[in-house]
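full-length UniProt numbering puts the first sequence at residues 1 to 390. For glycine and all other residues, C-beta sits at the position ideal for the given N, C-alpha and C. Here the structure comes first, spelled out in structure tokens, and everything after it is commentary.
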Amino acid sequence: MNHSPNDFTAGSLAGTFAERLIAWQAEHGRHDLPWQNTRDAYRIWLSEIMLQQTQVATVIPYYTRFLERFPDVAALAGAAQDDVMALWSGLGYYSRARNLHRCAQVVVAEHGGRFPSDPEALASLPGIGRSTAAAIAAFAYDAHAAILDGNVKRVLARVFGIEGFPGTPKIEREMWTLAETLLPERDLPAYTQGMMDLGATLCGRGKPRCGECPFDSDCVAHATGRERTLPTSKPKKAQPERYVDVLVIGAGERVLFERRPDSGIWGGLWSLPELTPPTDAPDADDAALRARLSAHAAALGAEEGTVQSLEPLQGLTHVFTHFRLHLRPWQVTLATPGETRTSASPSNGARHAWLDAAGVAAAGLPSPIRKITDALSIGSPNDGQLSLPT
DNA sequence: AAACCGTGGAA
DNA sequence: TTTCCAAGGTT
């Protein structure tokens, strides 16, 4: 690093880094977020997991709903995974939800229902890494531990003039060391919140308000006009395109859904059946494709009836962090000779489920799949009735 | 070590 | 429109 933390005591403003940050937080920081003003480790843990790679405004409604349904760790530990996934549906990074569920069960089974106060013990739990462990331990138990999230990386890169993409092990090690060096002896919750608040407000990614910053006179980036080039951005690479055909198979008042494996994209969620795994080139809309689609639908829906019609629906493109997925839905109508015998809600561990409108509304679906069902008014909030043309 | 894992808001 | 990335962790 170009600067040592001790340089702050020599700045024109009095006080150490931590003292200035804590004073700034008391005056200008955030104090009324839903997960603040509590020492309940369960609530703090839940917020930290939801906030991983996710903005505050996005998390708030999910957090509120989740707490209403699962007010404590025992309630969450005893829940069915499908119910947890349904409440997480739309929030993304679904391994967080599965790890959250597993973590609750470990806390109940191995820690008597109380979260450990030791950051290392916390970090050994599913879904809790070094930074999240430190945040929980600091907020709930006043632990002397440093966080290193995106906010802290940005603040440190700018104030100390640290060059290099913070995602690399070398820069990250350097930042962990610095973050721990800067820790105060006391007021860990205010200090930790201050790091987050400074990075999320004044020292944001876009246009930092250096005039209001407590480190204005000492900030290397500000002094050298590098506010916009620090932290060094991630090296970018071309995003692959992927194409997939999905089937909306309707029989009577129900539609067929397929549970995705825990590993991979949308792990543990309910989705529409795919013809084949995604490919790197679009399928041509030709007779051979239609024949394959029809055969696949017939195999999946054999118990319910025979394929009566096959129609292409409006396609859509979904953008992920590391690729773009082009979804082409096909509507398949089955001629049903008799009663549909299958259940309306997914049974535990089943790979397929015929869901009615209420079942679709309650299921954990990926966002773009929800868009498709909404467009067809299947289980959408406005229209609880299934209205597939027959 | 580098890839993988969602979604939506902001510029 | 495109690009970036947010209270990161796991493999």
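Where F160 falls, given that 16 or more other Cβ within 10 Å makes a residue buried: buried
Determine the DSSP secondary structure at H296, reduced to helix, strand or coil. helix
Between A322 and I265, what straight-line distance do the alpha-carbon atoms span, to the nearest angstrom? Correcting the residue identity first, residue 322 is His in this sequence and not Ala. Each residue's Cα considered, the two are about 11 Å apart.
Sub-8 Å separation of G194 and I22 beta-carbons: yes
Under the rule that 16 or more other beta-carbon atoms within 10 Å means buried, what is H296, buried or exposed? buried
Based on the DSSP output, what are the partners of R328 in its beta bridges? D245
Spatial neighbours of N2 within its chain, please: CB distance less than 6 Å, with the 5 preceding and 5 following residues excluded, ordered by chain position. Confidence in N2 is poor, its pLDDT being 41 and thus under 50, which makes the residue's placement unreliable; the coordinate value appears in the next sentence. Excluding residues within five positions, the ones whose Cβ falls inside 6 Å are G161.
Separation of E253 from P237, as counted between CA atoms: Position check: residue 237 holds Lys in this sequence, whereas Pro was assumed. Taking the straight line from one Cα to the other gives about 45 Å.
Looking at the structure shown, is E274 part of a helix, part of a strand, or coil, going by DSSP? strand
Compute the Euclidean distance between the alpha carbons of V108 and L67, then round it to the nearest angstrom. 17 Å
With H, G and I counted as helix, E and B as strand and the rest as coil, what does DSSP make of G250? strand
Should S367 go down as buried or exposed, given a rule of 16 or more other Cβ atoms within 10 Å for buried? exposed
Going straight from the alpha carbon of P126 to that of A137, what length do you get? 16 Å
Within the continuous alpha helix (DSSP H) that includes A181, where are the two ends? Correcting the residue identity first, residue 181 is Thr in this sequence and not Ala. P169 to L182 is the span of the alpha helix (DSSP H), which, as asked, contains T181.
Would you say A134 and A145 are within 8 Å of each other, going by their C-beta atoms? yes
If you scan the region 12–78 from start to end, which runs of the alpha helix (DSSP H) of 4 or more residues do you find wholly inside it? 17–28, 41–50, 56–69 and 73–77
Classify H111: buried if its beta carbon has 16 or more other beta carbons within 10 angstroms, exposed otherwise. exposed
For G167, which residues in the same chain have their Cβ closer than 8 Å to its Cβ, ignoring the five residues on either side in sequence? K234
Quick one: what's got a C-beta closer than 7 Å to N6's C-beta in the same chain, skipping five residues either side? In this prediction, N6 has a pLDDT of 43, which is less than 50 and means its spatial position is unreliable; what the coordinates show is noted afterwards. Once the five neighbours on either side are set aside, N6 has no close Cβ partner at all.
Would you list the residues sitting across from F257 in a DSSP beta bridge? A353
Let me know if T229 comes out buried or exposed under the rule of 16 or more other beta-carbons within 10 Å of its beta-carbon. exposed
Distance CB(R154)-CB(G199) smaller than 8 Å: yes
DSSP-derived helix/strand/coil call for H222: helix
Under 6 Å Cβ to Cβ from V59, same chain only, skipping five residues before and after it: list those, please. M50 and L51
Using the Cα positions of P240 and D280, report the straight-line distance between them to the nearest angstrom. 8 Å
Just to confirm the assignment, what range does the beta strand (DSSP E) spanning S345 have? Neither: S345 is in no beta strand (DSSP E) and is coded neither H nor E.
So, helix, strand or coil for L334, using DSSP? strand
The ligand PLP heavy atoms versus the CB of F115: any closer than 7 Å? With respect to the ligand PLP, the structure offers nothing, as it holds no ligand at all.
Taking contact to mean at least 3 C-beta pairs separated by less than 8 Å, is the region 349–366 in contact with the region 242–261? yes
Quick check on the DSSP output: the beta strand (DSSP E) that includes L316 runs from which residue to which? L316 to V319
Is F115 buried or exposed, if buried means 16 or more other CB atoms sit within 10 Å of its CB? buried
Taking 8 Å as the cut-off, decide whether the C-beta atoms of T64 and F139 are in contact. no
Only counting the same chain, and skipping five residues up and downstream in sequence, which positions put a Cβ closer than 7 Å to that of N99? P126 and G127
Same chain only: Cβ atoms within 8 Å of P169, ignoring 5 sequence neighbours per side: none
Measure the alpha-carbon distance for A10 versus I171 and round it to whole angstroms. Confidence at A10 is low in this model, with a pLDDT of 43, below 50, so its placement is unreliable and the value that follows should be read with caution. Those two C-alpha atoms are separated by around 25 Å.
Where do the ends of the beta strand (DSSP E) carrying L310 lie? T306 to P312
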